[in-house]
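Residue numbers (my numbering): 13 to 261.
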């Protein structure tokens with residue numbers, strides 16, 4: 013399924029480059045589409061990523077000889093928590109920078125903060141694209157569900173980053189994020205890495221997605237559509253359950 017994963021990676025690139033033109037994302041306050049996207053991402057984290065960490069932890073038992081790596085055998089969830097904390101720290105630094113600059117008449121974050129923020133999301137994107145290749149999908153539908161969950165996640169991340177950094181994001185940020193997708197796919201397709209690296213990357217991704225879902229995809233009360241959110245969460249959860257239990261078809 014290597015070429016199918018490449019097609020999906022190109023789809024991710026297209027989302028970053030052209031999401032600004034999607035009418036669904038131009039509605040302010042957040043549209044029902046974003047509430048559905050939040051539900052899909054939450055379902056993916058709790059129905060797939062977090063259970064998968066438990067599987068990774070069992071598979072790593074007794075396989076890591078290095079003392080530091082052996083610690084991960086029983087504490088892989090700490091990596092997920094670290095991913096959440098890292099992205100929380102990034103958002104805090106951006107808001108702090110914007111608040112300080114606003115007092116001097118410039119409401120944007122400093123250039124240095126912008127690049128740290130974008131490079132961090134580029135690494136995040138690279139992990140997602142890498143796992144697009146290296147995940148052990150049961151079939152094409154499994155890969156498609158991953159693409160859907162991360163695709164809507166990218167759309168809402170783009171919206172948040174564009175709102176935060178404005179012209180700088182369109183001029184530099186979206187191109188770097190798109191390029192990081194191809195780099196991540198290339199590493200996944202042509203490099204052979206140890207299983208523990210995949211487990212660490214998956215854990216980091218889970219923590220990052222949880223934070224970014226809470227930050228971008230779960231609308232504030234005045235902007236929310238509970239029905240749309242529940243629709244996205246429920247429908248995607250059912251799809252994942254059907255994928256795991258094919259005897260239900």
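Each residue gets a CB set at the ideal place from its N, CA and C atoms; glycine is no exception. Quick caveat, the model's predicted, so the values are computed rather than measured.
- Where residue 170 is concerned, the enclosing alpha helix (DSSP H) starts and stops at 152 to 177.
- Counting only residues of its own chain and dropping the five nearest sequence neighbours on each side, residue 25 has a CB closer than 7 Å to the CB of 190, 193, 194.
- Taken through DSSP and simplified to helix, strand or coil, residue 237 comes out as coil.
- Residues of the same chain with a CB within less than 7 Å of the CB of residue 153, apart from the 5 flanking positions on each side, are 255 in chain order.
- Residue 58 has its alpha-carbon roughly 13 Å from the corresponding atom of residue 214.
- Residue 202 counts as exposed, since fewer than 16 other C-beta atoms from the protein chains shown sit within 10 angstroms of its C-beta.
- As the crow flies, the alpha-carbon of residue 172 is around 32 Å from that of residue 87.
- When the five nearest sequence neighbours on each side are left out, the beta carbons in the same chain lying within less than 7 Å of the beta carbon of residue 44 are those of 237, 240, in order along the chain.
- For residue 109 and residue 122, the gap between their C-alpha atoms comes out near 6 Å.
- In its chain, beyond the 5 residues on either side, 225, 245 have a beta carbon closer than 7 Å to the beta carbon of residue 54.
- In the pairwise beta carbon analysis, the segment 168 to 185 is classified as not touching the segment 60 to 69: fewer than three pairs are separated by under 8 Å.
- For the pair residue 23 and residue 163, the CB atoms are nearer than the 8 Å cut-off.
- Looking from the CA of residue 120, the closest CA among 143, 132, 205, 105 belongs to 105.
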